[in-house]
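Throughout, my numbering is defined as the position within the sequence shown, counted from one, plus 2. Scroll down for the structure; my scribbles are underneath it.
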Amino acid sequence: MSRPGQGVMVPVNGLGFPPQNVARVVVWEWLNEHSRWRPYTATVCHHIENVLKEDARGSVVLGQVDAQLVPYIIDLQSMHQFRQDTGTMRPVRRNFYDPSSAPGKGIVWEWENDGGAWTAYDMDICITIQNAYEKQHPWLDLSSLGFCYLIYFNSMSQMNRQTRRRRRLRRRLDLAYPLTVGSIPKSQSWPVGASSGQPCSCQQCLLVNSTRAASNAILASQRRKAPPVAPPLPPPPGGPPGTLAVRPSATFAGAALWAAPAAGPAEPAPPPRSPSAPSSAPTPGQNNLNRPGPQRTTSVSARASIPPGVPALPVKNLNGTGPVHPALAGMTGILLCAAGLPVCLTRAPKPILHPPPVSKSDVKPVPGVPGVCRKTKKKHLKKSKNPEDVVRRYMQKVKNPPDEDCTICMERLVTASGYEGVLRHKGVRPELVGRLGRCGHMYHLLCLVAMYSNGNKDGSLQCPTCKAIYGEKTGTQPPGKMEFHLIPHSLPGFADTQTIRIVYDIPTGIQGPEHPNPGKKFTARGFPRHCYLPNNEKGRKVLRLLITAWERRLIFTIGTSNTTGESDTVVWNEIHHKTEFGSNLTGHGYPDASYLDNVLAELTAQGVSEAPAKA
């Protein structure tokens with residue numbers, strides 16, 4: 003049954019500080035690589051608050067309350083989360099909400115990801131969904147929060163407005179977040195005050211205190227525009243004084259010090275989106291983390307003289323090819339600081355995106371793959387493919403449907419379709435029910451006609467329950483060119499194998515009738531895009547299927563970039579590519595033992611395989 007009331011577009015409330023001496027709910031959050039603040043669980047937040055009451059400048063060992071967070075420590079003085087096994091850090095903040103909001107009631111809203119696991123929404127989204135739910139709105143538009151999704155409370159589902167794909171969501175009751183009373187100045191980062199008593203001398207506390215000292219020295223160096231020599235390092239409890247020299251660079255100065263993506267606690271993604279851009283922009287570091295919303299700091303270019311004999315240690319070396327293993331580098335740097343020894347933090351390694359220059363005579367065709375180029379043109383709509391004919395082609399009529407929900411309109415199959423009176427098609431009565439031939443799922447015929455009419459209308463049909471594809475699925479990729487050839491260089495992990503290079507090139511243009519905004523200009527950033535495969539049997543199989551996907555216009559689409567937020571631009575379309583040739587710093591390079599199998603599975607999910615498609 004539908005919930006009463008009208009749908010609503012609910013604006014997000016500001017996350018500013020409430021009036022002084024008013025009770026408010028405390029939610030601790032950490033910043034992920036997509037610049038989104040992700041909440042810790044209520045249990046973890048209670049633990050942090052308990053430690054905070056005992057020592058406002060102390061540190062919190064998260065593994066004491068959550069076994070999945072064993073490697074993580076929060077330093078309350080620098081407001082950073084530190085991962086012990088990699089030496090990486092992330093900003094954290096202490097945020098406040100109304101006690102009557104979702105976190106104050108212990109209500110968590112979650113969406114189901116592709117693996118079948120449940121992922122919590124960001125806290126601002128969770129509160130917005132709960133507000134609409136309490137007001138009994140039948141639906142909620144999340145576009146005011148920057149997402150093109152609709153929430154339907156009657157079916158407890160989330161739908162992508164562009165792809166029409168649905169995901170399940172659920173409302174779960176959990177422990178309420180901690181409550182606090184008092185005021186904290188907006189201009190001051192938490193916490194304030196000094197710790198009391200003698201510091202503990204155990205190995206854990208020595209590590210935590212040295213982490214705090216190192217992070218404070220680094221943050222202090224960011225605020226100095228041009229110091230001749232790096233500032234002295236505050237000595238750890240019971241330790242001799244030390245110095246920390248910071249070697250500046252264009253990519254590793256100021257706020258960029260914290261920019262390299264680092265593993266954090268099992269990162270819930272934002273609401274589902276197309277896995278796009280294989281290279282993601284780094285996230286700037288943050289300071290004054292208790293201000294409302296993310297406040298980005300300004301990068302400061304500084305030149306610091308490096309004393310002779312100071313060891314140079316890479317802070318983050320993700321590919322492990324440098325002189326020090328990444329985890330050892332971070333730990334060693336911190337412990338050397340704690341021991342009073344000078345340490346120089348060097349610039350982070352840069353990804354190797356392209357191979358060495360290749361002459362035209364060294365470029366060869368790929369064996370077993372005809373040609374070296376494929377072009378796509380504007381879409382030509384297939385004639386005689388009206389929605390009723392397409393739906394009837396793949397469905398069998400059911401005379402006595404079961405008394406269960408149609409997962410499209412959420413009305414019972416024994417009653418009329420929810421699209422009765424909204425959509426009219428001759429010969430399709432609203433009570434007719436059909437079963438898809440291969441997967442056996444049942445729907446109102448009128449519902450499938452409505453779903454098909456809102457899609458690409460290419461003559462294919464995809465089951466909204468199991469995603470089985472009937473017919474040949476095509477996409478909305480703009481016109482462009484795909485080139486592929488062999489180059490005489492090897493990818494990491496494929497030392498004795500040449501490399502297949504794929505070059506995609508799509509120019510800017512005008513959106514067609516199948517795109518989000520017909521008649522409007524779209525941009526095409528970062529083209530031509532170079533991608534790489536090993537020249538082995540499986541690599542050539544992936545190439546052949548990618549060529550098929552390109553010809554079906556499935557590689558790219560027009561939408562909103564996940565890295566820049568730009569709308570009406572060309573983005574990747576759920577088929578991942580490797581765009582990093584000689585390293586794997588971004589996660590889009592080699593070695594990656596499971597990549598070829600994963601991309602074959604993604605192609606199969608799009609209906610692209612070497613086996614003939616079955617109707």
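By construction, the Cβ of each residue, glycine as well, lies at the ideal position given by its N, Cα and C atoms. Being a predicted model, the structure only gives us computed values, none of them experimental.
Please state whether DSSP places residue i in a helix, a strand or coil.
i           : result
residue 608 : coil
residue 628 : With the chain running from 3 to 617 in the structure shown, residue 628 is simply not present.
residue 70  : helix
residue 25  : strand
residue 411 : coil
residue 597 : helix
residue 375 : strand
residue 401 : coil
residue 572 : strand
residue 50  : helix
residue 483 : strand
residue 2   : The structure shown does not extend to residue 2, since the chain is modelled only from 3 through 617, so no value can be given for it.
residue 555 : coil
residue 440 : coil
residue 463 : strand
residue 55  : helix
residue 602 : helix
residue 182 : strand
residue 259 : Low confidence applies here, because residue 259 scores a pLDDT of 31, under 50, leaving its location unreliable and the question unanswered by this model.
residue 362 : helix
residue 588 : coil
residue 457 : coil
residue 240 : Any reading at residue 240 is ruled out, since the residue's pLDDT is 44, under 50, leaving its predicted position unreliable.
residue 452 : helix
residue 200 : In this prediction, residue 200 scores a pLDDT of 46, lower than 50, which makes its location untrustworthy; the coordinate-derived value is nonetheless stated afterwards. It is coil, neither helix nor strand.
residue 389 : helix
residue 396 : helix
Less than 8 angstroms between the beta carbons of residue i and residue j, yes or no?
i           : j           : result
residue 374 : residue 487 : yes
residue 44  : residue 177 : yes
residue 526 : residue 605 : no
residue 423 : residue 412 : no
residue 161 : residue 168 : yes
residue 436 : residue 484 : no
residue 510 : residue 524 : yes
residue 475 : residue 608 : yes
residue 500 : residue 489 : yes
residue 132 : residue 153 : no
residue 67  : residue 82  : no
residue 446 : residue 408 : yes
residue 593 : residue 494 : yes
residue 585 : residue 353 : yes
residue 166 : residue 444 : no
residue 564 : residue 477 : no
Within 10 angstroms of its Cβ, does residue i collect 16 or more other Cβ (buried), or is it exposed?
i           : result
residue 26  : buried
residue 567 : exposed
residue 359 : exposed
residue 401 : exposed
residue 28  : buried
residue 347 : Residue confidence is low: residue 347 scores 49 on pLDDT, short of 50, so the model does not pin down where it sits. Its coordinate-derived value is still stated next. Buried, by the Cβ-count rule.
residue 595 : exposed
residue 96  : buried
residue 432 : buried
residue 364 : exposed
residue 597 : buried
residue 599 : exposed
residue 98  : buried
residue 603 : exposed
residue 369 : exposed
residue 468 : exposed
residue 146 : exposed
residue 72  : exposed
residue 70  : exposed
What residues match up with residue i in a beta bridge as DSSP calls it?
i           : result
residue 32  : 40 and 94
residue 61  : 77
residue 445 : 436
residue 561 : 571
residue 507 : 483
residue 471 : 464
residue 82  : 77 and 93
residue 489 : 501
Is residue i near the ligand ATP - that is, is its Cβ less than 7 angstroms away from at least one heavy atom of it?
i           : result
residue 141 : The ligand ATP is not part of this structure, which contains no ligands at all.
Those runs of the beta strand (DSSP E) which lie wholly inside the region 98 to 175 and span at least 3 residues
List check, beta strand (DSSP E) in window: 109 to 114, 120 to 122, 141 to 143, 151 to 154, 159 to 162 and 168 to 175.
Give, in chain order, every unbroken run of the beta strand (DSSP E) that is at least 3 residues long and sits entirely within the region 509 to 550.
Counting only runs of 3 or more, we get 531 to 536.
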